[in-house]
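Chemist: Per full-length UniProt numbering, the sequence shown runs over residues 1 to 216.
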Amino acid sequence: MAEEPQEAGRAKPGFQNPVAGFGVTFKAMFKKRLTEQYPEQQKTTAPRFHGRHQLNRHPDGLEKCVGCELCAWACPADAIYVEGADNTDEERYSPGERYGRVYQINYARCILCGLCIEACPTRALTMTNEFELADSSRANLIYTKEQLLAGLEEDMVEPPHAMYPGTDEQDYYRGAVTGAAPGTTRQAARSEGEDVQEAASTFGTQEPASKKVVGR
Ligand code: SF4
Ligand code: SF4
Numbered sequence: 001m002a003e004e005p006q007e008a009g010r011a012k013p014g015f016q017n018p019v020a021g022f023g024v025t026f027k028a029m030f031k032k033r034l035t036e037q038y039p040e041q042q043k044t045t046a047p048r049f050h051g052r053h054q055l056n057r058h059p060d061g062l063e064k065c066v067g068c069e070l071c072a073w074a075c076p077a078d079a080i081y082v083e084g085a086d087n088t089d090e091e092r093y094s095p096g097e098r099y100g101r102v103y104q105i106n107y108a109r110c111i112l113c114g115l116c117i118e119a120c121p122t123r124a125l126t127m128t129n130e131f132e133l134a135d136s137s138r139a140n141l142i143y144t145k146e147q148l149l150a151g152l153e154e155d156m157v158e159p160p161h162a163m164y165p166g167t168d169e170q171d172y173y174r175g176a177v178t179g180a181a182p183g184t185t186r187q188a189a190r191s192e193g194e195d196v197q198e199a200a201s202t203f204g205t206q207e208p209a210s211k212k213v214v215g216r
């Protein structure tokens, strides 16, 4: 009867195995360390890293989101919830006909794939490099529109407010509007139950310094 051929690697005598194990340890001692001291030392992410989302604004502060829900339809994880509403001359949040009244992203579902930002026709939705999203509460992982909206920069006024005089929606997308028109005032958020008096006393003609958050 023919003998079974011996498998490669099984030919070593047993006493060599521990020595071979130490060999692996010895070689690893001279390799470059890969351990990162997170969170004390944070590595810079790649420029196109997919982190937390951001809802962008036009240069005068109006919102770019038009409430079309294309991002929600594109999402494979069903993580986005959008409710659109009509702008009016008395309460305008975006230059077009519609705006995103309710906008939520559920980070317990989101896989940060970026399909939603590809689907957005107005570049209202982009992704930041922020990755520290962990939380022990499910409710805290649902980010609201207020949390996702970009901060206000110089020359921006908190919506609702009128469009730049003499411009239309197309001018905004062509980049013709570079800031809020002088004297632009915040309108009352009537759909949120705010009255004109309240809006005037809260903001007046100028945004209070504490409301201005620089950085998009
Ligand atoms: S990044 Fe992907 S999973 Fe997350 S909300 Fe956008 S489409 Fe959905
Ligand atoms: S973020 Fe973009 S795709 Fe989503 S509702 Fe707003 S405009 Fe539409």
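Here a beta-carbon is modelled for each residue, glycine too, at the ideal position from N, C-alpha and C.
Whether or not the region 36-54 and the region 109-128 are in contact is what I'm after, with contact meaning three or more pairs of Cβ atoms, one per stretch, closer than 8 angstroms; do they touch?
Modeler: Result yes; three or more Cβ-Cβ pairs closer than 8 angstroms.
Chemist: Identify whether Asn87 lies in helix, strand or coil by the three-state DSSP scheme.
Modeler: Three-state result, Asn87: coil.
Chemist: Given this structure, state the Cα-to-Cα distance separating Leu133 from Tyr38, to the nearest angstrom.
Modeler: Taking the straight line from one Cα to the other gives about 15 angstroms.
Chemist: Quick check for students: name the residue ranges of the alpha helix (DSSP H) that lie wholly in the UniProt domain "4Fe-4S ferredoxin-type" (101-130), counting only runs of 4 or more.
Modeler: Listed in chain order, the complete alpha helix (DSSP H) runs (minimum 4 residues) inside the UniProt domain "4Fe-4S ferredoxin-type" (101-130) are 115-119.
Chemist: Can you give, in chain order, each stretch of the alpha helix (DSSP H) that sits fully within the region 4-89 and has at least 4 residues?
Modeler: With a minimum length of 4 residues, the continuous alpha helix (DSSP H) runs that stay inside the region 4-89 are 16-29 and 70-74.
Chemist: Is the Cβ-Cβ distance between Val66 and Thr122 less than 8 angstroms?
Modeler: Closer than 8 angstroms, so yes.
Chemist: Note down, in chain order, each residue of its chain lying with its Cβ closer than 6 angstroms to the Cβ of Ala181, except the 5 sequence neighbours on either side.
Modeler: Tyr164 and Pro165.
Chemist: Whose CA, out of Gln104, Leu141 and Tyr99, lies closest to the CA of Glu169?
Modeler: When each option's Cα is compared against that of Glu169, the closest is Tyr99.
Chemist: Below 8 angstroms between beta carbons: does that hold for Glu158 and Arg190?
Modeler: Against a cut-off of 8 angstroms, the Cβ pair of Arg190 and Glu158 comes out as no contact.
Chemist: Going by the C-beta, is Ala97 closer than 7 angstroms to any heavy atom of ligand 2?
Modeler: The sequence given here places Glu at residue 97; Ala does not occur at that position. False, no ligand heavy atom lies under 7 angstroms from that Cβ.
Chemist: Across the region 67-82 and the region 104-122, are there enough close Cβ pairs to call them in contact, namely three or more that are closer than 8 angstroms?
Modeler: Verdict: yes, contact present.
Chemist: Taking 7 angstroms as the cut-off, is the beta-carbon of Glu169 closer than that to any non-hydrogen atom of ligand 2?
Modeler: No, ligand 2 has no heavy atom inside 7 angstroms of this Cβ.
Chemist: Is there at least one non-hydrogen atom of ligand 2 closer than 7 angstroms to the beta-carbon of Leu70?
Modeler: True, at least one ligand heavy atom lies under 7 angstroms from that Cβ.
Chemist: If the criterion is Cβ atoms closer than 8 angstroms, does the pair Ala150 and Asn87 meet it?
Modeler: No.
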